[in-house]
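J.:
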Amino acid sequence: MGNDISERIRKYHPSFSKSQKKLSAAIIEEYDKVAYMTAARLGRMVGVSESTVVRFAYTLGYEGYSDFQKAVQELVREKLTPNQRIDVTNFRIGEGDILEKVSESDISKIRSTFDKMDRASFYAACDSILDAKRVFIMGARSTEPLAMVLKYNLSLIFDNVILVAPRTTPEIFEQIFSIGEHDVLIAFSFPRYSSQMVNAVKFAKKNKAKVVVFTDSKSSPLAEHATCLLTAQSDMASFMDSLVAPISIINAIIVEITRRREGRIRDRFDRLEKIWDEYGVYTKR
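Okay, structure coming up:
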């Protein structure tokens, strides 16, 4: 069954009761508000009982209200404009200590991500990087900084790391046109998904390269093209996305690769330290 809640509503709408039609209308018209309401609050807004709301979630094929709510939140993240995101964030946070609320939210995202992380995919991603002839890394728009962080750190320990600059689509393919079965493409994309990223991973997979995808869920349009899928929980932080969870996965990848190649990496850093000292890369206090 499709995971898009709007598709499910369209499918089942002819069989809905009067109360269910009121709920479906609220979801379609005010999904930005519904996404963060309790079942009781949603029921009060629409004028139905809490139990009716919960039964509606089951009718749509979800395992419960929390599963249903996540689907509405996914709709929010994919559809909202930046200004609408600001409104939703203000609605969710309300008054109080912003630092505490945002930090608690970020901590929760990291915990949830690592609790659900597919360990086999994580270690397979590390294997792909270690075995690759070339490592191509790409992020677009809000995920470009994630690609730059990973590229910077991997470049300190490998010579075969290439950052794909997310310019025009033709220029992207010019940068990865030679990618092949001995290479790996690491791609970052979270809602709202970049069409450039989808096209790039399709191309890499078609050319038999390994594809490591950082995204938010198995329903992401990049997921089906991934050799290794690394899902990380992201969420809105005003008009921007909170990307602390994928950064944490990047940290774990660097630690794992360093452990596996510690001898070579230590030698490399000994040489780098001499260069840094000779050319005054870092200040001495």
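First residue of the sequence shown: 354, per my numbering; consecutive thereafter.
Virtual Cβ for every residue (Gly too), placed ideally from N, Cα, C.
Just so it is clear, the structure is predicted and the values come from calculations on it, not from any experiment.
Going by CA-CA distance only, name the one from Thr405, Arg394, Ile463, Ser547 that's closest to Pro599.
T.: Along the sequence shown, one-based indexing puts residue 599 at 246. When each option's Cα is compared against that of Pro599, the closest is Ile463.
J.: Would you list, in sequence order, the uninterrupted beta strand (DSSP E) runs of no fewer than 3 residues that lie entirely inside the segment 485 to 533?
T.: Within the segment 485 to 533, the complete beta strand (DSSP E) runs of at least 3 residues are 487 to 492, 514 to 516.
J.: What do you get for Val634, buried or exposed, if any count of 16 or more other CB atoms within 10 angstroms of its CB means buried?
T.: As a first step, residue 634 must be located in the sequence shown, where it is residue number 281. By the neighbour-count rule (16 or more Cβ atoms within 10 Å), Val634 is not buried but exposed.
J.: Pick from Glu534, Arg487, Pro544, Thr522: whose alpha carbon is nearest that of Leu516?
T.: In the sequence shown, the residue the question calls residue 516 occupies position 163. If we check each option's Cα against that of Leu516, Arg487 comes out closest.
J.: From the DSSP output, in three-state form, read off Val566 for me.
T.: Indexing the sequence shown from 1 puts residue 566 at position 213. Here Val566 sits in strand by DSSP.
J.: Looking only at its own chain, which residues have a Cβ that is under 7 Å from the Cβ of Asp459, when we skip the five neighbours before and after it?
T.: Residue mapping note: residue 459 aligns to position 106 of the sequence shown, counting from 1. If we look at Asp459 and ignore the five residues flanking it on each side, its Cβ neighbours are Ser595, Val597.
J.: So, is Phe530 buried or exposed, given that buried needs 16 or more other C-beta atoms within 10 angstroms?
T.: Within the sequence shown, numbered from 1, the residue matching residue 530 stands at position 177. So Phe530 counts as exposed.
J.: Is Ser547 closer than 9 Å to Thr580 when the C-beta atoms are compared?
T.: Residue numbering aside, residue 580 sits at position 227 when the sequence shown is read from its first letter. Residue numbering aside, residue 547 sits at position 194 when the sequence shown is read from its first letter. No; because the gap between Cβ atoms is not below 9 Å, this pair is not in contact.
J.: Is Tyr415 close to chain D, meaning its C-beta is less than 9 Å from at least one C-beta of that chain?
T.: Protein chains in the displayed structure number just one, and chain D is not present.
J.: Kindly indicate which residue of Asn513, Ser570, Ala379 has the alpha-carbon position closest to the one of Ser465.
T.: Locating residue 465 in the sequence shown gives position 112, where the first residue counts as 1. Here the closest residue by C-alpha is Ser570.
J.: Is the CB-CB distance between Ala540 and Val502 below 9 Å?
T.: Against the sequence shown, residue 540 aligns to sequence position 187. Against the sequence shown, residue 502 aligns to sequence position 149. Against a cut-off of 9 Å, the Cβ pair of Val502 and Ala540 comes out as no contact.
J.: Could you check what DSSP says for Ala585 in three-state terms: helix, strand or coil?
T.: As a first step, residue 585 must be located in the sequence shown, where it is residue number 232. Three-state DSSP puts Ala585 in coil, outside helix and strand.
J.: Need the endpoints of the alpha helix (DSSP H) that Asp471 sits in, please.
T.: Translated into positions along the sequence shown, residue 471 becomes position 118. Per DSSP, Asp471 belongs to no alpha helix (DSSP H) and is neither H nor E.
J.: Within the same chain, show all residues whose beta-carbon is closer than 7 Å to that of Gly533, passing over the 5 residues directly before and after it, in chain order.
T.: Your numbering for residue 533 matches position 180 in the sequence shown. The answer, listed in chain order, is Asn560, Lys561, Ala562.
J.: Terminal residues of the continuous beta strand (DSSP E) containing Asp620?
T.: Stepping through the sequence shown from its first residue, residue 620 is reached at position 267. Segment 615 to 631 is the alpha helix (DSSP H) holding Asp620; no beta strand (DSSP E) there.
J.: Do you know how far the Cα of Ile510 is from the Cα of Glu453?
T.: Residue numbering aside, residue 453 sits at position 100 when the sequence shown is read from its first letter. Residue numbering aside, residue 510 sits at position 157 when the sequence shown is read from its first letter. Taking the straight line joining both Cα atoms gives about 37 Å.
J.: Which of helix, strand or coil does DSSP assign to Ala388?
T.: The residue given as residue 388 occupies position 35 in the sequence shown. Of the three classes helix, strand and coil, the one that applies to Ala388 here is coil, per DSSP.
J.: Just the C-alpha distance for Tyr476 and Ala388, rounded to the nearest angstrom, thanks.
T.: Residue 476 sits at position 123 when you count from the first residue of the sequence shown. Residue 388 sits at position 35 when you count from the first residue of the sequence shown. One C-alpha to the other measures close to 34 Å.
J.: When you compare the CB positions of Ala553 and Leu538, do they come within less than 9 Å of one another, or not?
T.: Taking the first residue of the sequence shown as 1, we reach residue 553 at position 200. Taking the first residue of the sequence shown as 1, we reach residue 538 at position 185. For Ala553 and Leu538, yes; Cβs fall inside 9 Å.
J.: Figure out for me which residue from Val566, Gly492, Leu483, Thr568 has the closest Cα to the Cα of His535.
T.: Counting from 1 along the sequence shown, the entry for residue 535 is found at position 182. Answer by Cα proximity: Leu483.
J.: Is the beta carbon of Ile602 closer than 9 Å to that of Phe567?
T.: Residue 567 sits at position 214 when you count from the first residue of the sequence shown. Residue 602 sits at position 249 when you count from the first residue of the sequence shown. Closer than 9 Å, so yes.
J.: Which value, in whole angstroms, describes the spacing of the CA atoms of Asp630 and His578?
T.: Against the sequence shown, residue 630 aligns to sequence position 277. Against the sequence shown, residue 578 aligns to sequence position 225. About 44 Å.
J.: Count the other C-beta atoms from every protein chain shown that fall within 10 angstroms of the C-beta of Ser404, then say buried if there are 16 or more, exposed otherwise.
T.: Against the sequence shown, residue 404 aligns to sequence position 51. Ser404 should be labelled exposed.
J.: As a quick exercise: from Ile525, Asp385, Ala424, Gly396, pick the residue whose alpha carbon is nearest that of Asp357.
T.: In the sequence shown, the residue the question calls residue 357 occupies position 4. Ranking the options by Cα distance to Asp357, first place goes to Ala424.
J.: With a Cβ-Cβ cutoff of 9 Å, do Pro544 and Glu382 count as a contact?
T.: Mapped onto the sequence shown, residue 544 falls at position 191. Mapped onto the sequence shown, residue 382 falls at position 29. Going by C-beta atoms, Pro544 is not nearer than 9 Å to Glu382.
J.: By the three-class DSSP mapping on this structure, what secondary structure does Ala379 have?
T.: Position 26 of the sequence shown, counted from the first residue, corresponds to residue 379. Ala379: helix per DSSP, three-state reduction.
J.: Start and end of the beta strand (DSSP E) containing Phe541?
T.: Against the sequence shown, residue 541 aligns to sequence position 188. Run containing Phe541: 536 to 541, per the beta strand (DSSP E) assignment.
J.: State the beta-bridge partners of Asp357 as determined by DSSP.
T.: On the sequence shown, residue 357 is found 4 positions in, with the first residue counted as 1. Its beta-bridge partners do not exist; DSSP assigns none.
J.: Report the CB separation of Val401 from Leu376 in whole angstroms; it is logged as a contact under 8 Å.
T.: Here residue 401 is taken as the residue at index 48 of the sequence shown, counted from 1. Here residue 376 is taken as the residue at index 23 of the sequence shown, counted from 1. With a Cβ gap of about 7 Å, Val401 and Leu376 count as contacting.
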